[in-house]
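Chain order of the listed sequences is A and B. The numbering of the first sequence is the numbering used here, which starts it at 6 and goes up by one. The numbering of the second sequence is the numbering used here, which starts it at 6 and goes up by one. Don't be surprised by glycine CBs; every beta carbon is placed ideally from N, CA and C. The model shown is predicted, which means the values in this text are computed figures rather than measured ones. Okay, structure first, notes after.
Number of protein chains: 2
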Amino acid sequence: MADIARIANVSKPTVSRVLSGSPLVTQATRDHVLEVARAHGYAVNRNAQKLRQTRTDTISVVLDFGSHRGGRIADPFIFELLAGVAEALAVRKLDLLLSPPAAQDERAYQDQVNARVVDGFIFLGQGERDPMLRDLAKLGVPFVVWGAVDPTEPYCAVGSDNRLGGRLAGEYFLRSGRKDWLFIGDTNHAEIAMRHDGLSEATHGKSASIRVLRTGDMSYTSTLNDTAAYLATHPAPDAVFAFSDTAAMAVIAAFKEQGLRAPEDFALVGYNNIPPAAAFTPAITTVEQETHIAGAILVEKLMQKIEGGRAASTVLPTRLIVRET
Amino acid sequence: MADIARIANVSKPTVSRVLSGSPLVTQATRDHVLEVARAHGYAVNRNAQKLRQTRTDTISVVLDFGSHRGGRIADPFIFELLAGVAEALAVRKLDLLLSPPAAQDERAYQDQVNARVVDGFIFLGQGERDPMLRDLAKLGVPFVVWGAVDPTEPYCAVGSDNRLGGRLAGEYFLRSGRKDWLFIGDTNHAEIAMRHDGLSEATHGKSASIRVLRTGDMSYTSTLNDTAAYLATHPAPDAVFAFSDTAAMAVIAAFKEQGLRAPEDFALVGYNNIPPAAAFTPAITTVEQETHIAGAILVEKLMQKIEGGRAASTVLPTRLIVRET
DNA sequence: ACGAGTCATGAAATGCATTTCAAGGGCAAG
DNA sequence: CTTGCCCTTGAAATGCATTTCATGACTCGT
Chain A
6 MADIARIANV
16 SKPTVSRVLS
26 GSPLVTQATR
36 DHVLEVARAH
46 GYAVNRNAQK
56 LRQTRTDTIS
66 VVLDFGSHRG
76 GRIADPFIFE
86 LLAGVAEALA
96 VRKLDLLLSP
106 PAAQDERAYQ
116 DQVNARVVDG
126 FIFLGQGERD
136 PMLRDLAKLG
146 VPFVVWGAVD
156 PTEPYCAVGS
166 DNRLGGRLAG
176 EYFLRSGRKD
186 WLFIGDTNHA
196 EIAMRHDGLS
206 EATHGKSASI
216 RVLRTGDMSY
226 TSTLNDTAAY
236 LATHPAPDAV
246 FAFSDTAAMA
256 VIAAFKEQGL
266 RAPEDFALVG
276 YNNIPPAAAF
286 TPAITTVEQE
296 THIAGAILVE
306 KLMQKIEGGR
316 AASTVLPTRL
326 IVRET
Chain B
6 MADIARIANV
16 SKPTVSRVLS
26 GSPLVTQATR
36 DHVLEVARAH
46 GYAVNRNAQK
56 LRQTRTDTIS
66 VVLDFGSHRG
76 GRIADPFIFE
86 LLAGVAEALA
96 VRKLDLLLSP
106 PAAQDERAYQ
116 DQVNARVVDG
126 FIFLGQGERD
136 PMLRDLAKLG
146 VPFVVWGAVD
156 PTEPYCAVGS
166 DNRLGGRLAG
176 EYFLRSGRKD
186 WLFIGDTNHA
196 EIAMRHDGLS
206 EATHGKSASI
216 RVLRTGDMSY
226 TSTLNDTAAY
236 LATHPAPDAV
246 FAFSDTAAMA
256 VIAAFKEQGL
266 RAPEDFALVG
276 YNNIPPAAAF
286 TPAITTVEQE
296 THIAGAILVE
306 KLMQKIEGGR
316 AASTVLPTRL
326 IVRET
């Protein structure tokens, strides 16, 4: 910058003002400086800039790719979320640092903020990382979470109404006269657990029972294998609630091996409403989440926290899309 | 850092050495300094650090979320790629800055490097941004591209053998005695165009013809609508090559409306081999790409470029997975 | 025509860590 | 017992831009 200043016959502060769009410079000087800067391919060193200013204008989005490792990514759901967040950050001219989770260590996140790497965090899918988040909130690190919304937690979470999603599925099963339900999903994940709670709620006062099959991981293949193994050793249920549409497809395949079909032999409800769910044969009944606005909400809440305010958790509505299964 | 130095009764350089893991400090001093630093929640200011050092240890991954905007994300393919890149970068302890494309402006990318924001770029899906990339290469900015590999281009690209993918589909059509093929996809995208070329290659010396349907965008819904509209005004082909598995599903749905089914009435080949393709009814024949190693290759090539070396483009094999369609 | 007030610009201080270079302490060899 | 070397540590310079605060030029009102 000193060089540019010398060449343009002005001082460093003036160059700085020009480059940061300050209104305190004459149009003539501005044009001249800009031209010199451009001619020399000069760009403000962002590290020096961030060093001087206090803000980093960068948000870390924490996403566990590891859970998809190896196998194919089954469900595009989490990426739709990521896309929404990316867009919302771009609108606010904030940089997006995509990071893998720092193993269970709240101090690591705090350090990131102290080190002026990022201003805050957006956790996409809290998984089983719960207790760490509580500690992180205590440290005063700004962050928001996509996942299960639990009013007793001290941090701001945004998520779908998983309990409602579960209840909608249960009520659908009741309407079709199903009594022996199978819940497929890892109830260690808070979101999944809440869907199970919702499903239970629907049974109150009704004669329907719920069994649970906890699958190895969230992939298509695991779900297929686990479901097939389950059917080989247990009586078949007359209704299945799967944790994702991709899982629902695996369920259909596993049941088909036993000669069982939806909706004749069992009702089936998936989750997320991914496009192939509608195209599938049979078309899969599913619970839809409002992903498209989630990104903007997450970013807005996070900015409130970064600016020192409070941000309340938000529950987004879900709705059942009834199709053939 | 000066504070920590004072409190620990050492000098700034010593603290710096401890925190950067230099072997030039006694174990005793190291432990003491570390303890003081931890006790005070001190973290090295990364902006000051990067200002002094020349490297940023950050890579920008450029991905156009806009092309997925609004609608649901049809195909998880590009995200599997992203996941692979994210993992490869994490292994090398590099930060991943996820950025939207800077509109057609090669200078904007060069500035990012000059401003010490990132060391280089990974473009995921070159789309139609071709000429800009050529200019960017001329500027000497380090970057690699996932997409069509064209040896005449001056930059390093990594991509599947799209031409082979197309030819495999064509040969499959020939084997099943199909003569009237429909290619569905936007041939403005270099990758898609090469698949079309491959398909053409397969017709040489054979009596088969290729029609092209260019869809509005890459979404499930557009493909469904465009295909339906096409079938309403054109005779039905006896073979279809779609640009993705999700598109193939849309094709099946559109043909079904006309009472046409695969494989009885037409052969169908998709692309990417996403998990639901196998589960679909009918199970979709598709071309598989080697996504899982792509991330590591892209990162490796980019690092070579950043270190001033040359990096040759790489073509990854593809294979046809024959299923019911 | 003179004091008051604008406006554009510059000098110097500041934000923080790394790195050369020099110096001090300790130890082995002569 | 001394000389020379290695090892650990510190002083000072360096990387770069922003922001007060001060200064000079110039305009406007009376």
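Reduced DSSP secondary structure (H/G/I, E/B, other) of residue i
| i | result |
| --- | --- |
| Leu-144 of chain A | coil |
| Arg-183 of chain A | coil |
| Thr-323 of chain A | strand |
| Ala-46 of chain B | Here residue 46 of chain B turns out to be Gly, not Ala, going by the sequence shown. Coil at Gly-46 of chain B, not helix or strand. |
| Ile-215 of chain B | strand |
| Thr-225 of chain B | With the sequence shown as reference, residue 225 of chain B is identified as Tyr, and Thr is not the correct amino acid for it. Here Tyr-225 of chain B sits in helix by DSSP. |
| Asp-166 of chain B | coil |
| Glu-158 of chain A | coil |
| Phe-188 of chain A | strand |
| Gly-76 of chain A | Note that Gly-76 of chain A scores 49 on pLDDT, short of 50, meaning its location in the model is unreliable and no value can be drawn from it. |
| Val-150 of chain A | strand |
| Arg-11 of chain B | helix |
| Val-123 of chain B | coil |
| Gly-275 of chain A | strand |
| Ala-288 of chain A | coil |
| Ser-16 of chain B | coil |
| Asp-69 of chain B | coil |
| Val-30 of chain B | coil |
Within chain B, partners of residue i - CB distance below 9 Å
| i | result |
| --- | --- |
| Glu-40 of chain A | Residues of chain B passing the Cβ test: none, with the nearest at roughly 14 Å. |
Interface partners of residue i on chain B, CB under 8 Å
| i | result |
| --- | --- |
| Asp-8 of chain A | Simply none; closest approach about 13 Å. |
7 Å Cβ cut-off: residues of chain B touching residue i
| i | result |
| --- | --- |
| Met-254 of chain A | Pro-281 and Ala-284 |
| Phe-70 of chain A | Ala-88, Ala-91 and Glu-92 |
| Thr-157 of chain A | Correct list: empty, because the minimum Cβ distance to chain B is about 27 Å. |
Spatial neighbours of residue i in its chain, beta-carbon cut-off 8 Å, leaving aside the 5 residues before and after
| i | result |
| --- | --- |
| His-201 of chain B | Gly-171, Phe-188, Gly-190, Thr-192, Ile-215 and Val-217 |
| Leu-1 of chain B | Not covered by the structure: residue 1 of chain B. The range shown for chain B is 6 to 330. |
| Pro-159 of chain A | Arg-139, Ala-142 and Lys-143 |
| Tyr-177 of chain A | Ala-272, Val-274, Thr-290, Leu-325 and Val-327 |
| Pro-268 of chain A | Ser-181, Pro-287, Glu-329 and Thr-330 |
Cutoff 6 Å; reference residue i; Cβ partners in own chain excluding five residues on either side
| i | result |
| --- | --- |
| Ser-165 of chain B | Gln-294, Leu-321 and Thr-323 |
| Met-6 of chain A | Lys-17 and Val-20 |
| Ala-288 of chain A | Arg-328 and Glu-329 |
| Ala-10 of chain B | Ser-16, Lys-17 and Val-20 |
| Lys-306 of chain B | Val-149, Cys-161 and Ala-316 |
| Asp-243 of chain A | Arg-183, Asp-185 and Phe-271 |
Proximal residues to residue i (C-beta, below 7 Å), its chain only, five neighbours per side dropped
| i | result |
| --- | --- |
| Gly-221 of chain B | Ser-227 and Asp-231 |
| Leu-179 of chain A | Ala-207, Lys-211 and Ala-213 |
| Gly-76 of chain B | A caution first: Gly-76 of chain B carries a pLDDT of 49, below 50, which makes its placement in the model unreliable, though a value can still be read off. Closer than 7 Å at Cβ, skipping near neighbours: Ser-224 and Thr-226. |
| Ser-205 of chain A | Ile-215 |
| Ala-299 of chain B | Leu-86, Gly-89, Trp-151, Val-163 and Leu-321 |
| Ala-107 of chain B | Ala-113 and Tyr-114 |
| Leu-169 of chain B | Gly-203 and Thr-323 |
| Phe-70 of chain B | Pro-105 |
| Ile-302 of chain B | Val-163 and Thr-319 |
| Phe-285 of chain A | Met-254 |
Listed by chain order, chain A residues near residue i by CB distance under 8 Å
| i | result |
| --- | --- |
| Ile-332 of chain B | With chain B covering only 6 through 330, there is no way to say anything about residue 332 of chain B. |
Contact list for residue i against chain A, beta-carbon separation under 7 Å
| i | result |
| --- | --- |
| Leu-103 of chain B | Ala-91, Leu-101 and Leu-103 |
| Thr-251 of chain B | Pro-280 and Pro-281 |
- prompt: If we count Cβ pairs, one from each stretch, closer than 8 Å, do we get three or more for the region 40-50 of chain A versus the region 246-265 of chain A?
  reply: Too few Cβ pairs lie closer than 8 Å, so no.
field: Validate contact between the region 88-104 of chain A and the region 57-69 of chain A using beta carbons, cut 8 Å, 3 pairs
entry: Between the region 88-104 of chain A and the region 57-69 of chain A there are three or more inter-stretch CB-CB distances shorter than 8 Å, so the stretches are counted as touching.
query: Would you call the region 111-122 of chain B and the region 112-123 of chain A touching, i.e. three or more CB-CB distances under 8 Å?
result: no
field: Within 9 Å of chain A by C-beta, residues of the region 42-56 of chain B in sequence order
entry: Arg-43, Gly-46, Tyr-47, Ala-48, Val-49, Asn-50, Arg-51, Asn-52, Ala-53, Gln-54, Lys-55 and Leu-56
query: If you measure beta-carbon to beta-carbon, which residues of the region 205-231 of chain B are closer than 7 Å to chain A?
result: Tyr-225
- prompt: Is it a yes or a no for the region 124-143 of chain A touching the region 86-94 of chain A, going by three-plus beta-carbon pairs under 8 Å?
  reply: yes
Positions along the region 115-132 of chain B whose CB lies within less than 9 Å of some CB in chain A: Gln-115, Asp-116, Gln-117, Val-118, Asn-119, Ala-120, Arg-121 and Val-122
query: Using a Cβ cut-off of 7 Å, which residues of the region 84-101 of chain A contact any Cβ in chain B, in chain order?
result: Of all residues in the region 84-101 of chain A, Phe-84, Glu-85, Ala-88, Ala-91, Glu-92, Ala-95, Asp-100 and Leu-101 have a Cβ within less than 7 Å of some Cβ in chain B.
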